[in-house]
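Visitor: Below is the structure I would like to discuss, written out as structure tokens.
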Ligand SMILES: NC(=O)c1ccc[n+]([C@@H]2O[C@H](COP(=O)([O-])OP(=O)(O)OC[C@H]3O[C@@H](n4cnc5c(N)ncnc54)[C@H](OP(=O)(O)O)[C@@H]3O)[C@@H](O)[C@H]2O)c1
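Residue numbers (the working numbering): 1240 to 1575.
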């Protein structure tokens, strides 16, 4: 996908571009100078001076925007203009342009600036305003809050989580976490601290939110026997054909529920699925229903699998309901 990078010429941005290229992405680098940026398509854009129309053009067509721009010290007014006013304006452009994903790099401590030294507090408060704005945009957002940034060689090892203690992290390692995050839509809607640690970025992210492979989950359910699962909808023939190929013998509901609008659907074991488990009175039946809503890597709802009651029965098979709860427990939702 095309990734737009604010702060592409910075010390972290420069390290991120080759990682994005290696992952098969294209990068549009927003730069003040307009000078060529190795490995990326340079797009002239002074973020503090750009009009809404210019910001729209800067993010148009992107699959994700990453914010790595920073004022590099300087007075509080410059930080406010860039880290809050310009950052939030870029987020708004993403909303207008339908860019689905936004990764915002801020700083450790933005969740409680009052605990920071006086000289730092206003800068953290400014970044916190941008974080709050992002959380209200409806974009698939992730906030990454690095500890003290260093220019040391990346170790490839980090610690990720909420409320981590003091620590430093190299800019190269931050870049590696951002690159990994861009493939992890299941982790959107959360803020994470990052400092140097012992795990690869992929391991650290997996520990926070296990990659859900809903296909394996369904096979596991099937192995329990007497599985009555309905595959509702799935709006493209290709995806439905794949689903049926995987789950031969399963009952496919004649009721068509379209949860998906878009050209791309992937249905394979390697896809990192995210699943939402739900239960409650059915919209049509009014009876207790159990369902799994499956989202693909883009965060799009793709399939809804519901447990069916055994033929002629008013109630669900208790063993199946127990399995449903066990899996729900086993596959917690991503952190918010
Ligand atoms: N946790 C921490 O300790 C910590 C410390 C510092 C920074 N941070 C944050 O981490 C991120 C990466 O930091 P870094 O040290 O790698 O950054 P950096 O090397 O200071 O680079 C800053 C980038 O922002 C760009 N920029 C500044 N003003 C701009 C404007 N008006 N329009 C467009 N681009 C502009 C710069 O572009 P030019 O090339 O044109 O100057 C440069 O690409 C930043 O978001 C920063 O706020 C965290």
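No residue lacks a Cβ here, since even glycine has one placed at the ideal position from N, Cα and C.
Using the beta-carbon count (16 or more within 10 Å), is residue 1341 buried or exposed?
Guide: Buried, since its Cβ has 16 or more Cβ neighbours within 10 Å.
Visitor: At which residues does the alpha helix (DSSP H) containing residue 1379 begin and terminate?
Guide: No alpha helix (DSSP H) holds residue 1379; the beta strand (DSSP E) holding it covers 1379 to 1385.
Visitor: Just list the residues that DSSP pairs residue 1518 with in beta bridges.
Guide: According to DSSP, residue 1518 bridges with 1529.
Visitor: When the Cα atoms are used, what is the spatial distance from residue 1441 to residue 1271?
Guide: Whole-angstrom Cα-Cα distance: 33 Å.
Visitor: Straight-line CA distance for residue 1261 to residue 1517?
Guide: Computed Cα separation, rounded: 38 Å.
Visitor: Provide the residue(s) that pair with residue 1401 in DSSP beta bridges, ordered along the chain.
Guide: Per DSSP, none; premise fails for residue 1401.
Visitor: Ordered along the chain, which non-local residues of its own chain (more than five positions away) have a Cβ less than 6 Å from that of residue 1487?
Guide: Caution is warranted here: a pLDDT of 44 is assigned to residue 1487, below 50, making its placement in the model unreliable, and the coordinate value is therefore given only provisionally. Hits under 6 Å: none found.
Visitor: So, at 7 Å on beta carbons, what are the nonlocal neighbours of residue 1252 in its own chain, with the 5 sequence-adjacent residues on each side left out?
Guide: Excluding sequence neighbours, residue 1252 sits near 1244, 1246 and 1307.
Visitor: Tell me where the alpha helix (DSSP H) around residue 1317 begins and ends.
Guide: Note, residue 1317: alpha helix (DSSP H), 1315 to 1318.
Visitor: What are the start and end residues of each continuous beta strand (DSSP E) run of 3 or more residues lying completely inside the segment 1328 to 1380, in chain order?
Guide: For the segment 1328 to 1380, whole beta strand (DSSP E) runs of length 3 or above, ordered along the chain, are 1340 to 1344.
Visitor: At a cut-off of 8 Å, would you count residue 1379 as near ligand 1, judging by its Cβ distance to the nearest heavy atom?
Guide: Not under cutoff, so the answer is no.
Visitor: With a threshold of 8 Å (Cβ to nearest heavy atom), would residue 1267 be considered close to ligand 1?
Guide: Because no heavy atom of ligand 1 lies under 8 Å away, the Cβ of residue 1267 does not count as near it: no.
Visitor: Straight-line CA distance for residue 1527 to residue 1515?
Guide: Looking at the two C-alpha atoms, the distance is approximately 17 Å.
Visitor: Quick one: is the Cβ of residue 1338 within less than 8 Å of any heavy atom of ligand 1?
Guide: Every heavy atom of ligand 1 is 8 Å or more from the Cβ of residue 1338, so no.
Visitor: Excluding the 5 residues preceding and the 5 following residue 1502 in the sequence, name in chain order all residues of the same chain whose CB lies nearer than 6 Å to its CB.
Guide: Caution is warranted here: a pLDDT of 32 is assigned to residue 1502, below 50, making its placement in the model unreliable, and no coordinate value can be reported.
Visitor: Helix, strand or coil, according to DSSP, for residue 1432 in the structure here?
Guide: Three-state result, residue 1432: strand.
Visitor: I need the DSSP call for residue 1551, collapsed to helix, strand or coil.
Guide: Coil.
Visitor: Based on Cα-Cα distance, which residue from 1438, 1357 and 1305 lies nearest to residue 1338?
Guide: Looking at the Cα atoms, 1305 is the closest of the given residues.
Visitor: Just the Cα atoms here: how many angstroms apart are residue 1354 and residue 1520?
Guide: Whole-angstrom Cα-Cα distance: 46 Å.
Visitor: Within 10 Å of its beta-carbon, does residue 1385 have 16 or more other beta-carbons around it, so buried, or fewer, so exposed?
Guide: By the neighbour-count rule (16 or more Cβ atoms within 10 Å), residue 1385 is buried.
Visitor: Nearer than 8 Å: is that true of the beta carbon of residue 1309 relative to any heavy atom of ligand 1?
Guide: True, at least one ligand heavy atom lies under 8 Å from that Cβ.
Visitor: Tell me which residue opens and which closes the alpha helix (DSSP H) that residue 1255 is part of.
Guide: Looking at the DSSP string, the run of the alpha helix (DSSP H) that includes residue 1255 is 1250 to 1261.
Visitor: So, for residue 1335: in the same chain, excluding its five sequence neighbours on each side, which residues have a beta-carbon less than 7 Å away from its beta-carbon?
Guide: Correct list, in chain order: 1295.
Visitor: Please go through the same chain and pick out, in chain order, the residues whose beta-carbon is closer than 6 Å to the beta-carbon of residue 1594, but skip the five residues on each side of it.
Guide: With the chain running from 1240 to 1575 in the structure shown, residue 1594 is simply not present.
Visitor: Looking at residue 1388 and residue 1410, is the spacing between their C-beta atoms short of 9 Å?
Guide: Taking 9 Å as the Cβ cut-off, residue 1410 and residue 1388 qualify as a contacting pair.
Visitor: Taking 9 Å as the CB-CB cut-off, is residue 1553 touching chain B?
Guide: Considering every chain present, this structure includes no chain B. It has just one protein chain.
Visitor: Taking all protein chains shown into account, do 16 or more other C-beta atoms lie within 10 angstroms of the C-beta of residue 1325, making it buried, or fewer, making it exposed?
Guide: Residue 1325 comes out buried.
Visitor: Is there contact here, the segment 1344 to 1364 with the segment 1272 to 1288, by at least three beta-carbon pairs under 8 Å?
Guide: No, the segment 1344 to 1364 is not in contact with the segment 1272 to 1288.
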